[in-house]
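Protein chains in written order, with the UniProt record's numbering: chain E, 1 to 258; chain Z, 1 to 209. Just so it is clear, CB atoms sit at the ideal spot from N, CA and C, and this is done for glycine as well. Note that this is a predicted model, so its numbers are computed, not measured. As structure tokens, the structure follows; a few thoughts come after it.
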Ligand code: SF4
Ligand code: SF4
Ligand code: SF4
Ligand code: SF4
């Protein structure tokens, strides 16, 4: 049987994150918080989009929040931006797993661009509601809260997303609606970690595109012949690497803007 | 703009607006609380709602698990930390781990001394029910208050009804009361006579649940 190394590695990382989110109730002190802000072995990490909303609302950001946010932004900037989506986000894992239902492949899709609009809407909404709007309704926050404080009524929101994704629009949340995904796609655009492409090895079997939930990003190498995936929408999940039978794709560091 | 692109943008706008509207309605419909008791050091409520990034670290750092996280029923305060004093009040830990854990300044790190906490103030809302005011020597709130004889004192006077007994009335002193809610939890009545309310003049309907 063929082992999907990248997917396997990714599941291990995703499950580790879930495990960490579960630990605060054990009182180990290894991990505290959620993906909005956390302390991991004493290292302070924070969500840069959360910091941005607070900045818009109050004109300042407390130093611990700012420091953690810059660290995380720098980290993901280096490692591919939407690597957060592919490797870390617990909602990403859940929706990813639901895509194993074969019927989801027949559903229609929405354009990727929706996320940028959602990001703008969320920032405007923060200003009008006077709360960090995405942090308040974030289904990622809700999943984390369910893990560390026990499930509650707010999981309905997550259930609604899953329902739409298995019945109506394929992966609509992560593809088209998640403001955080939109935010990280900006970092992904300038990140040096890329999926590289060797045209001479490619047989155009299209398996990579079928394995990728943001398959549009593979058009640049496959159709336009670029040497790598250009779009910031790529989550560096490695599904295409697992799918490619000829080794025409690879994961590599390179000058980000070439 | 190409036709395809135009359509894509329209779908995106529609999706985002639907989501935003749904979220807004969801939150609005749920904001049914008169007020919420926050962890120690919490800045003024409007400011708190702007600053808190809903990370839950204050709640996770509380050894007594006194801090709960607002769920759907908290409306606009979804995901923010709340103390339900009747169930589990704040114990005013000397080292204030909740304040230390907060990354956003929603819990003000300037607060170093737990007894200087001002998250609310206790009020004897149901005077007619208070056992002490009925002439018994209950005084449980007084005895459990961590700032005994400061935040609550006992004022005694003649029971005018009998003309020969004394009333020992628990009286809260706002300037010393931290709002921890230990008295609210301790009150022996089914519906506590003493309840923590906001620092501003409270209304009658503070106790919920
Ligand atoms: S798009 Fe959003 S929900 Fe999906 S994986 Fe990325 S951050 Fe998570
Ligand atoms: S002071 Fe102690 S008991 Fe009170 S909320 Fe903070 S950690 Fe919990
Ligand atoms: S630690 Fe601070 S930012 Fe996080 S939930 Fe508590 S009050 Fe909000
Ligand atoms: S809330 Fe009650 S127990 Fe706490 S300081 Fe005030 S009077 Fe004392």
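Neighbour list for residue i in chain Z, Cβ cutoff strictly below 8 Å
{"i": "residue 57 of chain E", "result": "50, 51"}
{"i": "residue 130 of chain E", "result": "46, 49, 50"}
{"i": "residue 96 of chain E", "result": "The contacting residues do not exist; residue 96 of chain E stays about 20 Å from chain Z at best."}
{"i": "residue 28 of chain E", "result": "Per Cβ cutoff of 8 Å: no residues; residue 28 of chain E is ~11 Å from chain Z at best."}
{"i": "residue 44 of chain E", "result": "103"}
{"i": "residue 65 of chain E", "result": "53, 103, 104, 105"}
{"i": "residue 158 of chain E", "result": "Under the 8 Å cutoff, chain Z gives no residues; its nearest Cβ is about 12 Å from residue 158 of chain E."}
{"i": "residue 54 of chain E", "result": "50, 51, 53, 104"}
DSSP three-state assignment for residue i, whether helix, strand or coil
{"i": "residue 219 of chain E", "result": "helix"}
{"i": "residue 42 of chain Z", "result": "strand"}
{"i": "residue 32 of chain E", "result": "strand"}
{"i": "residue 8 of chain E", "result": "helix"}
{"i": "residue 121 of chain Z", "result": "strand"}
{"i": "residue 202 of chain Z", "result": "With a pLDDT of only 48 at residue 202 of chain Z, under 50, the local geometry of the prediction cannot be trusted, and the value read off the model is given with reservation. Residue 202 of chain Z falls in the coil class under three-state DSSP."}
{"i": "residue 77 of chain E", "result": "helix"}
{"i": "residue 89 of chain Z", "result": "coil"}
{"i": "residue 84 of chain E", "result": "helix"}
{"i": "residue 226 of chain E", "result": "coil"}
{"i": "residue 2 of chain Z", "result": "coil"}
{"i": "residue 177 of chain E", "result": "helix"}
{"i": "residue 44 of chain E", "result": "strand"}
{"i": "residue 94 of chain Z", "result": "coil"}
{"i": "residue 136 of chain E", "result": "helix"}
{"i": "residue 155 of chain Z", "result": "strand"}
{"i": "residue 166 of chain Z", "result": "strand"}
{"i": "residue 64 of chain Z", "result": "coil"}
{"i": "residue 254 of chain E", "result": "coil"}
{"i": "residue 19 of chain E", "result": "helix"}
{"i": "residue 14 of chain Z", "result": "helix"}
{"i": "residue 142 of chain E", "result": "helix"}
{"i": "residue 59 of chain E", "result": "coil"}
{"i": "residue 65 of chain E", "result": "helix"}
{"i": "residue 195 of chain E", "result": "strand"}
{"i": "residue 77 of chain Z", "result": "helix"}
Endpoints, beta strand (DSSP E) assigned at residue i
{"i": "residue 194 of chain Z", "result": "194-197"}
{"i": "residue 109 of chain E", "result": "No beta strand (DSSP E) contains residue 109 of chain E, which DSSP labels as neither H nor E."}
Neighbour list for residue i in chain E, Cβ cutoff strictly below 7 Å
{"i": "residue 37 of chain Z", "result": "Those within 7 Å of residue 37 of chain Z in chain E number zero; the least Cβ separation is about 17 Å."}
{"i": "residue 61 of chain Z", "result": "32"}
{"i": "residue 101 of chain Z", "result": "32"}
{"i": "residue 9 of chain Z", "result": "113"}
{"i": "residue 147 of chain Z", "result": "Per Cβ cutoff of 7 Å: no residues; residue 147 of chain Z is ~29 Å from chain E at best."}
{"i": "residue 105 of chain Z", "result": "62"}
Residue span of the alpha helix (DSSP H) that contains residue i, given as start and end
{"i": "residue 60 of chain Z", "result": "57-61"}
{"i": "residue 210 of chain E", "result": "207-211"}
{"i": "residue 143 of chain Z", "result": "140-144"}
{"i": "residue 165 of chain E", "result": "155-167"}
{"i": "residue 92 of chain E", "result": "90-98"}
{"i": "residue 121 of chain E", "result": "114-129"}
{"i": "residue 83 of chain Z", "result": "Not the alpha helix (DSSP H): residue 83 of chain Z falls in the beta strand (DSSP E), residues 81-83."}
{"i": "residue 241 of chain E", "result": "239-243"}
{"i": "residue 185 of chain Z", "result": "182-186"}
Cross-chain neighbours of residue i in chain Z, by beta carbon under 9 Å
{"i": "residue 180 of chain E", "result": "Going along chain Z, no residue has its Cβ under 9 Å from residue 180 of chain E, so there is no contact; the nearest lies around 13 Å."}
{"i": "residue 99 of chain E", "result": "What residue 99 of chain E touches in chain Z: nothing, since even the nearest Cβ is about 19 Å away."}
{"i": "residue 136 of chain E", "result": "23, 27, 49, 54, 76, 77, 78, 79, 80"}
Rounded Cβ spacing between residue i and residue j (contact assumed at less than 8 Å)
{"i": "residue 148 of chain E", "j": "residue 63 of chain E", "result": "Their Cβ separation, rounded to whole angstroms, is 25 Å, which puts residue 148 of chain E and residue 63 of chain E out of contact at 8 Å."}
{"i": "residue 102 of chain Z", "j": "residue 57 of chain Z", "result": "6 Å"}
{"i": "residue 188 of chain E", "j": "residue 80 of chain E", "result": "6 Å"}
{"i": "residue 50 of chain E", "j": "residue 132 of chain E", "result": "6 Å"}
{"i": "residue 83 of chain Z", "j": "residue 38 of chain Z", "result": "7 Å"}
{"i": "residue 236 of chain E", "j": "residue 86 of chain E", "result": "6 Å"}
{"i": "residue 73 of chain E", "j": "residue 143 of chain E", "result": "About 22 Å; that fails the 8 Å criterion."}
{"i": "residue 125 of chain Z", "j": "residue 13 of chain Z", "result": "Going by Cβ atoms, the distance from residue 125 of chain Z to residue 13 of chain Z rounds to 49 Å, so no, they are not a contact pair."}
{"i": "residue 85 of chain Z", "j": "residue 181 of chain Z", "result": "3 Å"}
{"i": "residue 201 of chain E", "j": "residue 246 of chain E", "result": "5 Å"}
{"i": "residue 194 of chain E", "j": "residue 9 of chain Z", "result": "Not quite, the Cβ-Cβ distance comes to about 27 Å (not below 8 Å), so this is no contact."}
Contact list for residue i against chain E, beta-carbon separation under 9 Å
{"i": "residue 56 of chain Z", "result": "24, 32, 33, 34, 36, 37, 141, 144, 145, 148, 149"}
Listed by chain order, chain Z residues near residue i by CB distance under 7 Å
{"i": "residue 50 of chain E", "result": "53"}
{"i": "residue 219 of chain E", "result": "Going along chain Z, no residue has its Cβ under 7 Å from residue 219 of chain E, so there is no contact; the nearest lies around 13 Å."}
{"i": "residue 154 of chain E", "result": "71, 72, 78"}
{"i": "residue 68 of chain E", "result": "103"}
{"i": "residue 88 of chain E", "result": "Per Cβ cutoff of 7 Å: no residues; residue 88 of chain E is ~15 Å from chain Z at best."}
{"i": "residue 72 of chain E", "result": "Correct list: empty, because the minimum Cβ distance to chain Z is about 12 Å."}
Residue i Cβ short of 6 Å to ligand 6 heavy atom set
{"i": "residue 56 of chain Z", "result": "Among the ligands present in this structure, namely ligand 1, ligand 2, ligand 3 and ligand 4, ligand 6 is not found."}
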